[in-house]
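Okay, so here's the structure we're looking at.
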Amino acid sequence: MPRLQSYTHTITASYLGYITQAVVNNFAPLLFLTFAADFQLSLQQLTLLTTLNFAVQLLVDLLSARLVDRIGYRICAVAAHIFAALGLAGLAVFPFLSPNPYPGILAAVVLYAMGGGLIEVLISPIVESCPTKQKEAAMSLLHSFYCWGQVFVVLASTLFFRLAGISHWRVLALLWALLPALNGLYFAMVPIFPPVGGSEPLSLGNLLRQKVFWILAVLMVAAGASELAMSQWASAFAETALHITKTAGDLAGPCAFALLMGTARALYAKFADRLPLPAALMGSAGLCLACYLLTSLSANPVLSLIGCAVCGFSVGIFWPGTFSLAAQALPAGGTSMYALLALAGDMGCSLGPTLVGFAASASGKGLPFGLLLASFFPVLLFLGVPQMKRQNHPVTNAGTGG
Numbered sequence: 266m267p268r269l270q271s272y273t274h275t276i277t278a279s280y281l282g283y284i285t286q287a288v289v290n291n292f293a294p295l296l297f298l299t300f301a302a303d304f305q306l307s308l309q310q311l312t313l314l315t316t317l318n319f320a321v322q323l324l325v326d327l328l329s330a331r332l333v334d335r336i337g338y339r340i341c342a343v344a345a346h347i348f349a350a351l352g353l354a355g356l357a358v359f360p361f362l363s364p365n366p367y368p369g370i371l372a373a374v375v376l377y378a379m380g381g382g383l384i385e386v387l388i389s390p391i392v393e394s395c396p397t398k399q400k401e402a403a404m405s406l407l408h409s410f411y412c413w414g415q416v417f418v419v420l421a422s423t424l425f426f427r428l429a430g431i432s433h434w435r436v437l438a439l440l441w442a443l444l445p446a447l448n449g450l451y452f453a454m455v456p457i458f459p460p461v462g463g464s465e466p467l468s469l470g471n472l473l474r475q476k477v478f479w480i481l482a483v484l485m486v487a488a489g490a491s492e493l494a495m496s497q498w499a500s501a502f503a504e505t506a507l508h509i510t511k512t513a514g515d516l517a518g519p520c521a522f523a524l525l526m527g528t529a530r531a532l533y534a535k536f537a538d539r540l541p542l543p544a545a546l547m548g549s550a551g552l553c554l555a556c557y558l559l560t561s562l563s564a565n566p567v568l569s570l571i572g573c574a575v576c577g578f579s580v581g582i583f584w585p586g587t588f589s590l591a592a593q594a595l596p597a598g599g600t601s602m603y604a605l606l607a608l609a610g611d612m613g614c615s616l617g618p619t620l621v622g623f624a625a626s627a628s629g630k631g632l633p634f635g636l637l638l639a640s641f642f643p644v645l646l647f648l649g650v651p652q653m654k655r656q657n658h659p660v661t662n663a664g665t666g667g
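Structure (structure tokens):
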């Protein structure tokens with residue numbers, strides 16, 4: 266297969282990789298109420314779909330810490346997109362292969378979650394290794410494409426449902442599967458650069474002995490939970506708690522959330538040299554807490570939707586910002602660091618929506634109560650960022666003490 270020469274192709278493929286991950290994480294939640302009606306699924310079963318997605322991604326993150334360097338970034342990137350394509354296509358096929366559709370849906374989720382987990386581990390270090398300037402800005406811009414992908418998923422899916430009808434969602438699942446299939450071919454041709462760091466990467470044992478790593482891991486858990494607890498339930502919350510139509514709910518909920526999240530990341534990419542990252546993270550955490558409280562406690566549907574949407578802006582730099590903090594504090598962290606931090610983030614991505622769903626069901630108070638409990642996560646991030654200021658010396662392989 267021919268090879269492309271410019272690293273701009275690598276970055277473009279990485280952007281498309283994050284759009285693929287947006288499809289993986291956000292397409293199925295748009296269909297939660299459709300699944301409930303067509304397949305008679307309970308709220309707990311729908312919650313398990315999100316839990317399983319990020320639990321599998323978490324497991325893939327853990328395994329990747331040791332395997333990616335051995336197998337190679339290119340092979341893993343291509344494999345990630347193959348898994349994503351098979352899972353999305355399987356969503357349209359597997360539930361109809363047996364009288365009980367639920368195991369088929371779970372199988373499809375496992376496949377595309379494997380792809381999503383690998384993408385999360387691979388894309389950031391691939392872009393970090395490209396010969397670009399202003400790494401923080403490049404990382405924030407990269408992660409903004411997850412947001413643009415989420416907006417695209419919601420808008421394109423909403424348009425499809427309006428034109429073709431929600432009953433034809435299987436066709437749309439097959440169409441979405443084409444994106445990872447084609448981008449997998451693209452990744453087979455782009456240049457892949459050696460990881461940055463300037464020295465031997467920290468061993469896994471030495472990495473785990475760094476106090477700063479564990480602070481970063483807590484920040485990643487809080488970042489993933491703060492983002493996904495709101496975005497995964499935004500569509501269902503708008504329909505069930507606020508009693509608005511699916512189209513309006515999707516546009517005012519997850520679509521506005523993603524649009525503002527991408528805007529925050531693009532703005533930070535532009536102004537990263539003027540705004541200290543710790544201050545930006547703490548300010549964002551405070552805004553995030555306010556948004557959770559407004560969404561869950563307001564009796565006015567318009568204010569609840571505003572809280573949901575602005576929450577997207579507030580969480581925008583949580584994930585890429587923490588990755589940038591990690592690159593500064595642990596420049597020799599290597600693939601293991603990115604994999605384990607992605608694992609921590611995916612733990613949060615699973616924990617946040619799961620807490621909301623089960624709390625809403627168990628309490629009988631619905632999604633507003635679940636979202637109120639999830640306000641704990643931005644508080645955790647707000648308290649955790651100042652701890653990084655005490656760990657202001659880069660850790661390299663030359664200094665591997667605890």
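In my numbering, the protein residues as written are 266 to 667. Positions of the beta carbon are idealized from the N, C-alpha and C atoms, including for glycine.
Close beta carbons around residue i, own chain, < 6 Å, minus the five adjacent residues each side
i, result
"I384", "G282, Q286, A345"
"L469", "S601"
"S271", "none"
"I370", "P360"
"C614", "F319, G489, L493"
"S579", "S549, L552, C553, C556"
"G527", "S409, C412, W413"
"F502", "L632"
"L298", "none"
"A350", "A442, P445, A446"
Cβ neighbour criterion (16 or more within 10 Å) applied to residue i
i, result
"R331", "exposed"
"T273", "exposed"
"T275", "buried"
"H508", "exposed"
"T510", "exposed"
"A627", "exposed"
"W479", "exposed"
"G382", "buried"
"P368", "exposed"
"D611", "buried"
"G598", "buried"
"G463", "Residue placement at G463 is poorly supported in this model, since its pLDDT is 49, which falls under 50; the coordinates still yield a value, given next. It counts as exposed."
"Q309", "exposed"
"A639", "buried"
"R427", "exposed"
"G430", "exposed"
"A544", "exposed"
"R530", "buried"
"A302", "exposed"
"D326", "buried"
"N565", "exposed"
"V567", "exposed"
"S363", "exposed"
"F536", "exposed"
Cutoff 7 Å; reference residue i; Cβ partners in own chain excluding five residues on either side
i, result
"A403", "V392, T397"
"P366", "F304, P360"
"A609", "A482, M485, V486"
"M690", "Because residue 690 is not part of the residues shown, which for the chain are 266 to 667, the question remains open."
"L439", "A354, A357"
"I582", "S405, A529, R530, Y533, A545, L546, S549"
Presumed contact (8 Å Cβ cut-off) between residue i and residue j, rounded CB distance
i, j, result
"A607", "V386", "5 Å"
"A293", "N448", "That pair is no contact at about 19 Å."
"L646", "S491", "7 Å"
"F458", "C395", "6 Å"
"S671", "L636", "Beyond the ends of the chain as shown, which are 266 and 667, falls residue 671; an answer cannot be given."
"D289", "G355", "The residue you asked about is not Asp; residue 289 is Val in the sequence shown. About 12 Å separates the two Cβ atoms, so there is no contact after all."
"L306", "S500", "No, L306 and S500 are not in contact; Cβ-Cβ is about 15 Å, not under 8 Å."
"L376", "G352", "3 Å"
"F452", "L437", "That pair is no contact at about 24 Å."
"F634", "G617", "Actually they do not touch by this definition, with Cβ atoms about 15 Å apart."
"L595", "V477", "7 Å"
Proximal residues to residue i (C-beta, below 8 Å), its chain only, five neighbours per side dropped
i, result
"L407", "I276, S279, Y280, Y283, I388, S389, V392, P585"
Contact with chain E by residue i, beta-carbon distance below 8 Å
i, result
"L371", "The structure shown contains no chain E; it is built from a single protein chain."
Which ranges would you report for the alpha helix (DSSP H) in the segment 621 to 645 if only whole runs of at least 4 residues count? 632 to 638
Length-filtered (4 minimum) alpha helix (DSSP H) runs lying within the segment 367 to 414: Complete alpha helix (DSSP H) runs here, min 4: 367 to 393.
Between the segment 310 to 325 and the segment 435 to 453, do three or more beta carbon pairs fall short of 8 Å? no
Quick one: complete alpha helix (DSSP H) runs, 4+ long, within the segment 432 to 456? 434 to 452
What are the complete beta strand (DSSP E) segments, minimum 3 residues, inside the segment 527 to 601? none
Quick check: the segment 517 to 535 against the segment 646 to 656, are there 3 or more CB pairs under 8 Å? no
Quick check: the segment 521 to 533 against the segment 550 to 560, are there 3 or more CB pairs under 8 Å? Cβ pair count under 8 Å is below three, so no.
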